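Okay, so here's the structure we're looking at.
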Amino acid sequence: MRKVMIKNEKELIQSFYYNGYDISNYINTTKVVESDNDGFIDGNDYKAIATIRTFSCTNILFYSDNFAYLVHMLPSETIGKNDKFLTRIEKVKEIINNKNPNQLNILISLGASIDDKKMGFHNLDYINSNIKLLTNFCEENNIELNMLPFFRSKFLLFDLVKKRLIIENNEKKIIDIKTLEVMSEKLTKNRKIK
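If you want it as structure tokens, here you go:
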């Protein structure tokens with residue numbers, strides 16, 4: 048029997064509602080990832096995965112057709128003050144070995160409070176160097192790896208079933224993930240069809 052995090056779900060619903068969205072239809076179907084934590088869904092128990100708040104932190108979403116892995120990272124992790132990022136990459140590798148996808152997509156959301164003057168909270172070179180480790184792994188295992196465009200958001204909800212994002216930033220919008228995939232950068236090379 049799955050653990051339902053009612054308090055966190057309620058906080059998530061209230062946060063989105065306060066910012067102009069009614070996501071009450073996601074109650075009891077959303078896995079909530081707390082600060083400095085991660086979560087995995089495969090559509091069996093949960094249809095969506097979300098973070099409650101992201102101000103100066105980073106969310107990284109790894110997803111394929113039938114699973115999603117969402118990581119909430121504190122600034123200390125994205126500037127390399129600890130080795131937690133490497134631990135996250137190892138977890139993604141385990142998921143890949145277990146799920147054996149043909150394709151994996153990565154979406155990085157920086158906190159809404161981050162602007163060009165506050166990029167000291169994040170080291171994009173460090174983030175990209177860790178993603179490179181995953182790129183090499185995917186190439187060795189014949190998996191296409193794609194990087195979607197970066198964006199900023201205070202909250203993030205990813206609907207695995209409908210393949211859409213609900214984000215809260217200055218624009219406050221729902222995004223069909225396919226529109227971002229069109230703008231993605233393929234990180235792997237010479238992938239053969241499985």
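With our numbering, letter number 183 in the sequence shown gets 230, and the count goes up by one each step, no holes.
Ideal Cβ positions, reconstructed from N, Cα and C, are used throughout, including at glycine.
These numbers were taken from a predicted model, which means no experiment stands behind them.
- In the three-state scheme derived from DSSP, where H, G and I count as helix and E and B as strand, LEU192 is classed as strand.
- Taking GLU186 as reference, the option from PRO148, LYS225, THR77, LYS209 with the minimal CA-CA separation is PRO148.
- DSSP, read as helix, strand or coil, puts VAL229 in coil.
- A Cβ-Cβ separation of about 15 angstroms leaves PHE132 out of contact with GLU141 under the 8 angstroms criterion.
- Judged by DSSP in its simplified three-state form, ILE74 adopts coil rather than helix or strand.
- Taking the Cβ atoms as the reference, LEU212 lies roughly 14 angstroms from ILE88, outside the contact range of under 8 angstroms.
- Rounded to whole angstroms, the gap between the alpha carbons of LEU108 and MET194 is 10 angstroms.
- Note: ASP223 is bridge-paired with ARG211 in the DSSP secondary-structure output.
- Residue state for PHE114 is assigned as coil, using DSSP reduced to three classes.
- Between HIS119 and ASN129, the beta carbon gap of about 15 angstroms keeps them out of contact (Cβ cut-off 8 angstroms).
- Counting of Cβ neighbours within 10 angstroms places ASN175 among the exposed residues, the total staying below 16.
- Nearest to LEU121 by C-alpha distance, out of THR76, ASN183, LEU59, ARG135, is ARG135.
- In the DSSP assignment, LEU203 is bridged to THR98, ILE214.
- In the three-state reduction of the DSSP assignment, ASN177 falls in the helix class, which pools H, G and I.
- Within the DSSP bridge table, the entry for GLN150 names GLU191 as partners.
- Judged by their CB atoms, PHE197 and ILE214 are not nearer to each other than the 8 angstroms cut-off.
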